[in-house]
Amino acid sequence: MTDALHHPRHQLDPLLHFPIRLSIMVMLAEVEEAEFRFVAESVEISTVTMSKQASILEEAGLIHVRKGYAGKRPRTWLSLTSAGRESLGSYLHALRSIVGRLPG
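Residues in the sequence shown are numbered consecutively from 1, following the UniProt record's numbering.
As structure tokens, this is what we get:
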């Protein structure tokens, strides 16, 4: 039973296992920085849900939230932190390890 302790599922971060947060993280991994509303629309969630999930990810140190202005309009931009990139990489590695056990 000691193999159970080494199963790759133990490497899955429960924070990223939530589909919306994983979608946000993957979307942000593709860019240097993205505008809040663009991310929400890209992952097909409301701005209220986006705000809640962004707060969770920011509190965990996985994303950076920058507030500023585009012209006179307030805007919020999101980006992955170094820890966020590392956490996402580890999570995806664990998923690949699990899926890699499938035959063929």
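Just so it is clear, CB atoms sit at the ideal spot from N, CA and C, and this is done for glycine as well.
Return helix, strand or coil for Val99, following the three-state DSSP convention. Reduced to three states, the DSSP call for Val99 is helix.
To the nearest angstrom, report how far apart Arg75 and Arg9 are at their CA atoms. 38 Å
Is Tyr91 buried or exposed, if buried means 16 or more other CB atoms sit within 10 Å of its CB? buried
According to the neighbour-count rule (16 or more other Cβ atoms, all chains shown, within 10 Å of its Cβ), is Arg21 buried or exposed? buried
Got a sec? Which residues, its chain only, sit under 8 Å from Ala40 by beta carbon, not counting five neighbours each side? Ser46, Thr47, Thr49, Met50
So Arg73 is in the beta strand (DSSP E); what residue range does that whole segment cover? Run containing Arg73: 73-80, per the beta strand (DSSP E) assignment.
Taking Leu15 as the reference, give the member of His7, Val65, Ile56 with the closest Cα. Closest by alpha carbon: Ile56.
Pick helix, strand or coil for His64, following the three-state DSSP scheme. strand
Alpha carbon to alpha carbon, what distance is there between Gly89 and Val99? Spanning the two alpha carbons is a distance of roughly 15 Å.
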